[in-house]
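Taking it in order: structure first as structure tokens, then the write-up.
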Amino acid sequence: MGPEDIVLHIGRHKSGTTSIQQALAANADGLDAQGWRYVAAGRARDAHHPVAALFLPERKRTFAAGYDLAHVRNAVEQELGAMRDRRAILSSEMFQSVSAPGSVASLIPPERSHLIVYLREQYAYVQSAYAESVKIGQVATPFEDYLDLFTPKYERFLAGWKTDFGAARTTVAIYDRAALIRGDAVDDFCARVGIDNAGFTRVADANDSLGGALLEFRRRLNALSGLPRPLRRRMIPSLIAIARGHRSFKGRPWAPPGAVARFRQRFVEPNRALVASGLTGGVGFGAPPSVEPEPVALDEAAVFAEIWRLLDAREPNLWRSVADVVRAAAVDHAEIRALADALPT
């Protein structure tokens, strides 16, 4: 292997990371034919590479249980050392949480590396991150209030990596369909590193989302302290299933235009600095944002009743257990009372 023969993909949250990783994992033969290898040692199928956890002192764990990180590190070092004339790609979402990028140099020498990271315009990012956090049961805060809590600091994040690995070895691109090559994260990534993916197997998007009244329904359930964690996890497949079958249960979270404007105003100057520093494809980082129309008002009680009916039809034992918790909590919780009132009698 020669200079800059390792591509380190810092797979930031909600920036096409899973799609890129799945495409690389599914096309090992196509990569090999072009002299590339998606590092396999220690990797859990196609997901975030656990070796990144080595550089997170505050959480020495991985996304997949049962890993011996020292063993993973040794395996990665051996795989990289044995490649000779191959170029390697290492991708992990956990790299975005590394506070001291220089520590990664002990495994991946900066002089042999090229970094790629995608950034998402902050409001588009918060919409996607919020919907995901609500879906998996982590957030019960209303979206408009959540905007005040969401503070991505791209400039600080990039400064550490550019300082320790070199600005010339760092490609920072926009995750936005208007900026991505052919509007696709996989096509864009492959083009940037020099991979011809024309004949690659296409992998379906695995990140199903919730939206509309279904997202609000889930948000209110998240406020229930009486729901055991295993029960919360078991709810997710049913919610995803009915979202797939109903367009009204998709879509991005909405906030009033004034709240959106205040949120975006916080990032005007940082984004100008990002564009000036060489951000490629600065769509959405300087142009006036479009105003999203207010959603059509719905009969909340009727929609919640329909959601209960659909969920009960899919997995009655699970959702009747959830309904019991909702009824018990409704006495002291106004938002939960609306869910309880919509339960079938």
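Using the working numbering, the first residue of the sequence shown is number 188, and each one after it goes up by one.
We treat Cβ as the ideally placed atom computed from N, Cα and C, and that holds for glycine.
Beta-carbon proximity list for residue i, same chain, < 6 Å, skipping 5 on both sides
i, result
"Ala228", "Ala262, Val263, Glu266"
"Gly347", "Pro288"
"Asp375", "Leu367, Ile368"
"Pro457", "Glu342"
As assigned by DSSP and simplified to three states, the class of residue i
i, result
"Ala228", "coil"
"Leu485", "coil"
"Tyr305", "strand"
"Ile197", "strand"
"Ala391", "coil"
"Val285", "coil"
"Thr350", "helix"
"Ile382", "coil"
"Trp223", "strand"
"Leu256", "helix"
"Ala251", "For Ala251, the predicted model reports a pLDDT of 48, less than 50, meaning its position is unreliable; a value from the coordinates is still stated below. Three-state DSSP puts Ala251 in coil, outside helix and strand."
"Ile295", "coil"
"Ile323", "coil"
"Leu505", "helix"
"Leu414", "coil"
"Leu461", "helix"
"Ser300", "strand"
"Ala516", "helix"
For residue j and residue i, the rounded distance between their alpha carbons
i, j, result
"Val390", "Ala212", "10 Å"
"Leu497", "Ala488", "14 Å"
"Gly217", "His520", "55 Å"
"Ala231", "Ala492", "40 Å"
"Phe250", "Arg224", "Reliability of the predicted coordinates at Phe250 is poor, the pLDDT of 48 falling under 50, and the value obtained from them is presented with this limitation in mind. Distance between the alpha carbons of Phe250 and Arg224 is about 22 Å."
"Ala509", "Asn409", "Looking at the sequence itself, residue 509 is Val, so the reference to Ala does not match. Computed Cα separation, rounded: 11 Å."
"Pro531", "Val380", "55 Å"
"Ala292", "Val490", "53 Å"
"Trp178", "Pro339", "Beyond the ends of the chain as shown, which are 188 and 532, falls residue 178; an answer cannot be given."
"Pro417", "Gly465", "46 Å"
"Arg421", "Leu485", "28 Å"
"Arg434", "Arg453", "33 Å"
"Val259", "Glu481", "49 Å"
"Arg307", "Val359", "11 Å"
"Leu401", "Ile494", "7 Å"
"Gln314", "Arg459", "21 Å"
"Gln283", "Ile361", "16 Å"
"Val518", "Asp511", "12 Å"
"Asn384", "Cys377", "7 Å"
"Gly222", "Gly268", "15 Å"
Beta-carbon contacts of residue i that lie in its chain and below 8 Å, excluding the five residues immediately before and after
i, result
"Gly398", "Ala318, Ala430, Phe436, Lys437, Gly438, Arg439, Pro440"
"Tyr310", "Val447, Phe450, Arg451, Pro476"
"Val513", "Leu408, Leu411, Ile523, Leu526, Ala527, Leu530"
Buried versus exposed, by CB contacts within 10 Å (16 or more), residue i
i, result
"Arg271", "exposed"
"Gly413", "exposed"
"Leu195", "buried"
"Gly370", "exposed"
"Pro237", "buried"
"Asp392", "exposed"
"Asp363", "buried"
"Thr388", "exposed"
"Leu526", "buried"
"Val455", "exposed"
"Gly324", "buried"
"Thr350", "exposed"
"Pro415", "exposed"
"Arg405", "buried"
"Pro296", "exposed"
"Leu345", "buried"
"Gly203", "buried"
"Leu336", "exposed"
"Val483", "exposed"
Any chain C beta carbon closer than 8 Å to residue i
i, result
"Leu367", "The chain labelled as chain C is not found in the depicted structure, where only one protein chain is given."
Sequence-distant residues of its chain with Cβ nearer than 7 Å to residue i (five each side left out)
i, result
"Ala442", "Phe330, Glu331, Leu334"
"Asp192", "Arg274, Ala275, Arg299"
"Arg407", "Glu522, Ile523, Leu526"
Worksheet item: Taking one C-beta from the segment 198-218 and one from the segment 273-293 each time, how about it: are there three or more such pairs within less than 8 Å?
Response: yes
Worksheet item: Is the number of C-beta pairs between the segment 494-503 and the segment 425-432 that are closer than 8 Å three or more?
Response: yes
Discussion item. Does the structure place the segment 290-306 close enough to the segment 195-204 that three or more beta carbon pairs sit under 8 Å?
Written reply: yes
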